[in-house]
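A.B. asks: Below: one structure in structure tokens.
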Amino acid sequence: MSAIKLGAWGLGRIGSVHLKHFAAQSDMYEVVAGCDIEQPKVDRVVAEYGCAGYTSAEKLLADPNVELVIIATRSLTHVADALQALEAGKVVLLEKPIAMSCMEIEQLREADCAYPGKLFFLHNHRFEPAMQQVFGIVRSGILGDIIEVKLCRHHTFSRRADWQAYLRYGGGQLSNWGSHIIDHALQFIGGPVKDIWGNLKGVNTIADAETHVKVLLTGENGIVVDLEISNNVALPGDFCTVYGSRGSLICADEKQIRLRYLEPGFEFPEATAATDSPPLEGGHWADADLPWRDETQAVEPDTSMWAYVEVETARHLYRTLREGVPFPIANADALEVSRIIQVVKEQNPEFKWG
Numbered sequence: 003m004s005a006i007k008l009g010a011w012g013l014g015r016i017g018s019v020h021l022k023h024f025a026a027q028s029d030m031y032e033v034v035a036g037c038d039i040e041q042p043k044v045d046r047v048v049a050e051y052g053c054a055g056y057t058s059a060e061k062l063l064a065d066p067n068v069e070l071v072i073i074a075t076r077s078l079t080h081v082a083d084a085l086q087a088l089e090a091g092k093v094v095l096l097e098k099p100i101a102m103s104c105m106e107i108e109q110l111r112e113a114d115c116a117y118p119g120k121l122f123f124l125h126n127h128r129f130e131p132a133m134q135q136v137f138g139i140v141r142s143g144i145l146g147d148i149i150e151v152k153l154c155r156h157h158t159f160s161r162r163a164d165w166q167a168y169l170r171y172g173g174g175q176l177s178n179w180g181s182h183i184i185d186h187a188l189q190f191i192g193g194p195v196k197d198i199w200g201n202l203k204g205v206n207t208i209a210d211a212e213t214h215v216k217v218l219l220t221g222e223n224g225i226v227v228d229l230e231i232s233n234n235v236a237l238p239g240d241f242c243t244v245y246g247s248r249g250s251l252i253c254a255d256e257k258q259i260r261l262r263y264l265e266p267g268f269e270f271p272e273a274t275a276a277t278d279s280p281p282l283e284g285g286h287w288a289d290a291d292l293p294w295r296d297e298t299q300a301v302e303p304d305t306s307m308w309a310y311v312e313v314e315t316a317r318h319l320y321r322t323l324r325e326g327v328p329f330p331i332a333n334a335d336a337l338e339v340s341r342i343i344q345v346v347k348e349q350n351p352e353f354k355w356g
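Quick note, the sequence shown lines up with residues 3 to 356 if you use the working numbering.
The following block contains the structure:
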């Protein structure tokens, strides 16, 4: 099968990361063009990949060699840029945040219907090795029915000092990392979300964007996900904690997963709860000695998470475009993530998004 001819629109930090890892899959992708409003960035990509270079999006989209466009422009233009590329007949892989308003969510929903199989969303952190392994453990059923999940993405205690510190440019932790962690949360819930509660804070901030995000999601099935995203936590919390009806897991550092769960096949014996006064010693609990299994799993593969999520995204997208295999990041999932982000924004009106 032929390689996908790739053009990158937006050659800044994250655009360069995507380009590097997609280009490394040379049997699947060929970099044929790069586009940015800054000529030095274009020159660098042309020199590195031997591709065409443009400072005009119109010229990039008119290039017949370009089949797929990875859009990594500034957040506020993501939707407009995606629509322009789709109208030009290109396949689009859109960087998050995929939308900045309810209106833009609807525009993407309409575009997805108008251009079936052409629009994809870059929620690449779905493929984090630790999270994939946790999802597999949950699916195995050994933890029983999931009760609650806690997710922490506590970054380095520091102050953001670029455009991401400004709401008027689409910055802030909710837009930047909320897309990824809310996507994880929805995978645990596995169905419609009933309740959304969010609280945002700007702590030690240089500009006006939020730096600390707290969101509680409750599914119609009763599963609760408590998530935090912050660069204001000096002692980071555990990456992921899952409570189930038959056991729990803790992944503290994305390197190991600790589990404690009841022996498969064990059933609780019948018991009744007494209504009279309990004895002075003992007698409070029906299960004095349960058959626990304690286990520690190393997260596999033991590799750079940052590189792995890029390569997995590239691999899955290639299989979708060349083999017809469904892309794991369903567009409905990504649009639901954006809807939840908009609800949290509305719950925190003191932050003035553009």
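Just so it is clear, CB atoms sit at the ideal spot from N, CA and C, and this is done for glycine as well.
Note that the coordinates shown come from a computational prediction; the quantities given were computed from them, not determined experimentally.
#1: Using the Cα positions of D29 and D228, report the straight-line distance between them to the nearest angstrom.
#2: Can you check the region 6 to 58 for any alpha helix (DSSP H) of at least 4 residues that lies completely inside it and give the ranges in chain order?
#3: Is L96 closer than 8 Å to Y117 when the C-beta atoms are compared?
#4: Can you tell me which of G249, A309 and D291 puts its alpha carbon nearest to the alpha carbon of K22?
#5: If we count the other Cβ atoms within 10 Å of its Cβ and call it buried at 16 or more, is W294 buried or exposed?
#6: Where do the N-terminal and C-terminal ends of the alpha helix (DSSP H) with R317 fall, by residue?
#7: What does the alpha-carbon distance come out to for the pair D335 and A288?
#8: Go ahead and label D38 buried or exposed: buried means 16 or more other beta carbons lie within 10 angstroms of its beta carbon, across all protein chains shown.
#9: Among S250, L282 and G12, which residue has its Cα nearest to the Cα of T298?
#10: To which residues does DSSP link K92 through a beta bridge?
#11: Quick check on DSSP: helix, strand or coil for W199?
#12: Grouping DSSP H, G and I as helix and E and B as strand, with all else coil, what is F123?
#13: Got a sec, what are the start and stop residues for the alpha helix (DSSP H) S177 sits in?
#14: Apart from the five residues on each side of it in sequence, which residues of its chain come closer than 7 Å, Cβ to Cβ, to H286?
#15: Candidates Y51, Q258, N201 and Q166: which alpha carbon is nearest S18's?
#16: So, helix, strand or coil for W355, using DSSP?
#17: Once you ignore the five residues that flank D197 on each side, which residues in its own chain have a CB closer than 6 Å to its CB?
#18: Assuming G180 and I343 form a contact by the criterion Cβ under 8 Å, report the distance between their Cβ atoms to the nearest whole angstrom.
#19: Which of helix, strand or coil does DSSP assign to D296?
#20: Could you give the first and the last residue of the continuous alpha helix (DSSP H) run that contains D114?
#21: For F122, is the classification buried or exposed, using 16 other Cβ atoms within 10 angstroms of its Cβ as the cut-off for buried?
#22: Is there contact between the region 200 to 215 and the region 123 to 141, where contact requires at least three CB pairs shorter than 8 Å?
#23: Give me whichever residues DSSP pairs with G246 in a beta bridge.
#24: Are the CB atoms of V33 and L8 within a distance shorter than 8 Å?
#25: Between the alpha carbons of R162 and G172, how many angstroms are there, rounded?
#26: Take the Cβ of L282 as the centre, count every other Cβ of all protein chains shown within 10 Å, and call the residue buried at 16 or more, exposed below.
#27: Is I231 helix, strand or coil by DSSP?
#28: By the three-class DSSP mapping on this structure, what secondary structure does R161 have?
#29: Would you give the residue range spanned by the alpha helix (DSSP H) that K347 belongs to?
#30: Kindly give me the distance between the Cβ atoms of V44 and G55, rounded to whole angstroms, as I take these residues to be in contact under 8 Å.
#31: How big is the Cα-Cα spacing for I73 and L110?
#32: Quick one: grab the DSSP three-state call for L85.
#33: Using alpha carbons as the reference points, say which of G174, E230 and Q175 lies closest to A187.
C.D. replies: To lay it out plainly:
#1: Start at 1 with the first residue of the sequence shown, and residue 29 comes out as number 27. Start at 1 with the first residue of the sequence shown, and residue 228 comes out as number 226. The alpha-carbon atoms of D29 and D228 are separated by roughly 41 Å.
#2: With a minimum length of 4 residues, the continuous alpha helix (DSSP H) runs that stay inside the region 6 to 58 are 15 to 26 and 41 to 51.
#3: Within the sequence shown, the letter at position 115 stands for residue 117. Within the sequence shown, the letter at position 94 stands for residue 96. For Y117 and L96, no; Cβs fall outside 8 Å.
#4: Here the question's residue 22 lines up with position 20 in the sequence shown. For K22, the nearest C-alpha among the options comes from A309.
#5: Mapped onto the sequence shown, residue 294 falls at position 292. Exposed, since its Cβ has fewer than 16 Cβ neighbours within 10 Å.
#6: Here residue 317 corresponds to residue number 315 of the sequence shown, with the count starting at 1. Residue range M307 to E325 is occupied by the alpha helix (DSSP H) that includes R317.
#7: Taking the first residue of the sequence shown as position 1, residue 335 is located at position 333. Taking the first residue of the sequence shown as position 1, residue 288 is located at position 286. C-alpha separation (whole angstroms): 42 Å.
#8: As a working mapping, residue 38 is identified with position 36 in the sequence shown. D38 counts as buried, since at least 16 other C-beta atoms from the protein chains shown sit within 10 angstroms of its C-beta.
#9: By 1-based counting over the sequence shown, the position of residue 298 is 296. Distances from the alpha-carbon of T298 to those of S250, L282 and G12 put S250 closest.
#10: In the sequence shown, residue 92 corresponds to position 90, counting from 1. K92 is bridged by DSSP to nothing; it lacks a bridge partner.
#11: As a working mapping, residue 199 is identified with position 197 in the sequence shown. Residue state, collapsed to three classes: strand.
#12: Along the sequence shown, read from residue 1 onward, the residue named residue 123 stands at position 121. For F123, the secondary structure class from DSSP, reduced to helix, strand or coil, is strand.
#13: As a working mapping, residue 177 is identified with position 175 in the sequence shown. Looking at the DSSP string, the run of the alpha helix (DSSP H) that includes S177 is Q175 to N178.
#14: Here residue 286 corresponds to residue number 284 of the sequence shown, with the count starting at 1. Its chain contains P280 as the residues whose beta carbon lies nearer than 7 Å to that of H286, once the 5 sequence neighbours on both sides are disregarded; these appear in chain order.
#15: Stepping through the sequence shown from its first residue, residue 18 is reached at position 16. Of Y51, Q258, N201 and Q166, the residue nearest in Cα terms is Y51.
#16: Position 353 of the sequence shown, counted from the first residue, corresponds to residue 355. In the three-state DSSP reduction, W355 falls in the coil class, being neither helix nor strand.
#17: The count along the sequence shown starts at 1 and reaches residue 197 at position 195. Within the same chain, D197 has close Cβ partners T220.
#18: Mapped onto the sequence shown, residue 180 falls at position 178. Mapped onto the sequence shown, residue 343 falls at position 341. Beta-carbon to beta-carbon, G180 and I343 are separated by about 5 Å, close enough to satisfy the 8 Å threshold.
#19: Counted from its first residue, the sequence shown places residue 296 at position 294. Residue state, collapsed to three classes: strand.
#20: For this step, residue 114 is matched to residue 112 along the sequence shown. D114 -> alpha helix (DSSP H) spans C104 to A116.
#21: Here residue 122 is taken as the residue at index 120 of the sequence shown, counted from 1. Answer is buried; the Cβ neighbour count reaches 16.
#22: Result no; under three Cβ-Cβ pairs closer than 8 Å.
#23: As a first step, residue 246 is located in the sequence shown; it is residue number 244 there, counting from the start. Beta bridge pairing from DSSP links G246 with I148.
#24: The residue given as residue 8 occupies position 6 in the sequence shown. The residue given as residue 33 occupies position 31 in the sequence shown. In contact: L8 and V33 (Cβ atoms closer than 8 Å).
#25: As a working mapping, residue 162 is identified with position 160 in the sequence shown. As a working mapping, residue 172 is identified with position 170 in the sequence shown. One Cα belongs to R162, the other to G172, and the distance between them is close to 13 Å.
#26: Reading the sequence shown from its first residue, position 280 is the one you call residue 282. A residue is called buried when at least 16 other Cβ atoms come within 10 angstroms of its Cβ; L282 does not meet this threshold and is exposed.
#27: Looking up residue 231 in the sequence shown gives position 229. I231 carries a strand assignment under DSSP once its states are collapsed to helix, strand and coil.
#28: Taking the sequence shown and counting its residues from 1, one reaches residue 161 at position 159. In the three-state reduction of the DSSP assignment, R161 falls in the coil class, being assigned neither a helical nor a strand state.
#29: Within the sequence shown, the letter at position 345 stands for residue 347. Unbroken alpha helix (DSSP H) run through K347: N333 to E348.
#30: Against the sequence shown, residue 44 aligns to sequence position 42. Against the sequence shown, residue 55 aligns to sequence position 53. Contact between V44 and G55 is confirmed by a C-beta separation of about 4 Å, below the 8 Å threshold.
#31: Within the sequence shown, numbered from 1, the residue matching residue 73 stands at position 71. Within the sequence shown, numbered from 1, the residue matching residue 110 stands at position 108. If I take the Cα positions, the gap works out to 14 Å.
#32: Counting from one through the sequence shown, the residue named residue 85 turns up at place 83. Three-state result, L85: helix.
#33: What you label residue 187 is simply residue 185 of the sequence shown in a count that begins at 1. Closest option to A187, judged by alpha-carbon separation, among G174, E230 and Q175: E230.
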